[in-house]
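> Going down the list, the protein sequences come from chains A and B. By the UniProt record's numbering, the letter at position 3 of the first sequence is numbered 3, and the numbering carries on one by one without gaps. By the UniProt record's numbering, the letter at position 97 of the second sequence is numbered 97, and the numbering carries on one by one without gaps. Idealized CB from N, CA, C, for every residue including glycine. Bear in mind that the values here come from a model prediction, so they are computed numbers and not experimental data. Quick one: structure below, then a few questions.
There are 2 protein chains.
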Amino acid sequence: MAEQQADEIQTPADRFARAREAQSMAILEDYVEMVGDLIEELGEARVADIAARMGVAQPTATKAIARLKREGLATSRPYRGVFLTEEGAALADKVRARHRTVVELLVAVGVPEEVAELDAEGIEHHVSEQSLQAFERFLKAR
Amino acid sequence: MAEQQADEIQTPADRFARAREAQSMAILEDYVEMVGDLIEELGEARVADIAARMGVAQPTATKAIARLKREGLATSRPYRGVFLTEEGAALADKVRARHRTVVELLVAVGVPEEVAELDAEGIEHHVSEQSLQAFERFLKAR
DNA sequence: CAAATGAAATAGCCTTGGCTATATTTTCCA
DNA sequence: TGGAAAATATAGCCAAGGCTATTTCATTTG
Ligand SMILES: [Mn+2]
Ligand SMILES: [Mn+2]
Ligand SMILES: [Mn+2]
Ligand SMILES: [Mn+2]
């Protein structure tokens, strides 16, 4: 099946809308990735640990988790830890891999490691599938 | 004068805090850049044009402009156009230049132009001064 | 096994950035 | 030049993502 020729002209408004959309996913992505990390490292993801790592107050984390649940990415029962749904786990994997690739690309073009790690935390959420693939090709071809 | 050796260990919480901070600047930056563009192109920046280009409703733009004014980046009188302060104009220039550099870097590592333009709209706000300089060196050295 | 301690939930507040509907002001033209 | 049309402002709503203070529940321990 041939690709649709998407030669829509791309207005500034479209770009900004897309950036806003990415933004609304960003926090979700970070939480999901971190819940995955905590389960991996500690066997479970507790609200207190999530809050500490995100650098937010505990009720802020609780609220974020409620949103994850609403969006079908996580499950939890009151006073118990947080778990990822299949969908959540898949997203976590994707986000983690993308994060690494972004850091590697930054380093590859000359950004110091520490800075790369800092900047990647925000940048990653705006890197499209297409850009990600370009990054991977670039890194492989070096 | 020697650089301070800033060997603070960088926690995840620090990184997330920084990404949140960048986020709170992002919209401000986009508006300032756009007001600058409109003044350049049309001689003035009207609320309706700003709203249309940002892809938001007119009252949303009005509110954003109020914030620009509060932050000392713009001036305006009721029912008149918007102008940038010296600080606002300087920020607009910086943001515009950074946007271009980010697009160029993306293209340089193999991202298609259109995609680069789309992704850059979000990425730019998370690119630190240090990363930006690395990007410029990379582009020059190609 | 009853407190005490610790963790999570809840209540209630704030700001930002969206929106629609409506009021007000400016501009333009018949 | 007076009214219609266009532009802008204002009012009031919503959700997200912060926060602090307090309540509720679970766990540990004397
Ligand atoms: Mn992130
Ligand atoms: Mn990340
Ligand atoms: Mn932008
Ligand atoms: Mn931009």
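Pull the bridge partners of A/Ala26 from the DSSP assignment, please.
DSSP lists no partner for A/Ala26.
> With respect to 6 Å, is the separation between the Cβ of B/Glu121 and the closest non-hydrogen atom of ligand 4 below this value?
yes
> Please state if the CB of B/Ala61 and the CB of B/Val82 are separated by a distance shorter than 7 Å.
Note that the C-beta distance between B/Val82 and B/Ala61 is not below 7 Å.
> Can A/Leu110 and B/Arg142 be called in contact, C-beta distance under 7 Å?
One point to set straight first is that residue 110 of chain A is Gly, not Leu, in the sequence displayed. Contact flag unset, no.
> Run down chain A in chain order and give the residues with a C-beta less than 8 Å from the C-beta of B/Gly55.
The contacting residues are Thr11, Pro12, Ala13, Asp14, Phe16, Ala17.
> Rounded to whole angstroms, what's the CA-CA distance from B/Asp37 to A/Ser131? Just pull it up for me.
27 Å
> Ligand 4 heavy atoms versus the CB of B/His126: any closer than 6 Å?
For B/His126, the shortest separation between its Cβ and any heavy atom of ligand 4 does not lie below 6 Å.
> Could you please give me the residues that DSSP links to A/Ser76 through a beta bridge?
A/Val82
> What did DSSP end up calling B/Ala57 once you bin it into helix, strand or coil?
Per DSSP, reduced to three states, the secondary structure at B/Ala57 is coil, with no helix or strand assignment.
> Could you compute how far the alpha carbon of B/Ala90 sits from the alpha carbon of B/Thr75?
Cα to Cα, the separation comes out at about 14 Å.
> With a cut-off of 8 Å on the beta carbons, I'd call A/Val116 and A/Val107 a contact; round off their distance for me.
First, the amino acid is wrong: residue 116 of chain A is Ala here, not Val. Right, their Cβ atoms sit about 5 Å apart.
> Applying the criterion that 16 or more other CB atoms from any shown protein chain within 10 Å of the CB defines a buried residue, is A/Met1 buried or exposed?
With a pLDDT of only 46 at A/Met1, under the threshold of 50, the placement of this residue in the model should not be trusted, and no figure is reported.
> Whole-angstrom Cβ separation of A/Ala13 and B/Gly122, contact assumed at under 8 Å?
Not a contact, Cβ separation roughly 14 Å.
> Could you tell me the boundaries of the alpha helix (DSSP H) in which B/Glu114 lies?
113-123
> Label A/Leu118 either buried or exposed according to how many other C-beta atoms from any shown protein chain fall within 10 Å of its C-beta, with 16 as the threshold for buried.
So A/Leu118 counts as buried.
> Cα separation between A/Asp30 and A/Ala51?
One C-alpha to the other measures close to 12 Å.
> By the 10 Å Cβ neighbour count, where 16 or more other Cβ atoms means buried, how is residue 158 of chain B classified, buried or exposed?
The structure shown does not extend to residue 158 of chain B, since chain B spans only 1 to 142, so no value can be given for it.
> To the nearest angstrom, how far is it from the Cα of A/Thr11 to the Cα of A/Pro78?
46 Å
> Looking at the C-beta of A/Asp49, does it have a partner C-beta in chain B at a distance below 7 Å?
no
> According to DSSP, which residues form a beta bridge with B/Ala52?
DSSP lists no partner for B/Ala52.
> Which residues, in order along the region 109-123 of chain A, keep a beta-carbon less than 9 Å from a beta-carbon of chain B?
Answer in chain order: Val109, Gly110, Val111, Pro112, Glu114, Val115, Ala116, Glu117, Leu118, Asp119, Ala120, Glu121, Gly122, Ile123.
> If I measure Cβ to Cβ from B/Leu68 and keep anything under 8 Å in the same chain, skipping five residues before and after, which residues do I get?
Leu28, Tyr31, Val32, Val35, Ala74, Val82, Gly88
> Along chain B, in chain order, which residues have C-beta atoms closer than 9 Å to that of A/Leu105?
Listed along the chain, the chain B residues whose CB falls inside 9 Å of the CB of A/Leu105 are Val109.
> Residues of the region 74-97 of chain A with a CB closer than 8 Å to any CB of chain B: list them in chain order, please.
none
> Just mark B/Ala97 as buried or exposed, buried being the case when its beta carbon has 16 or more other beta carbons within 10 Å.
exposed
> Do you know whose CA, among B/Glu41, B/Gly43, B/Lys94, lies nearest B/Glu129's CA?
B/Lys94
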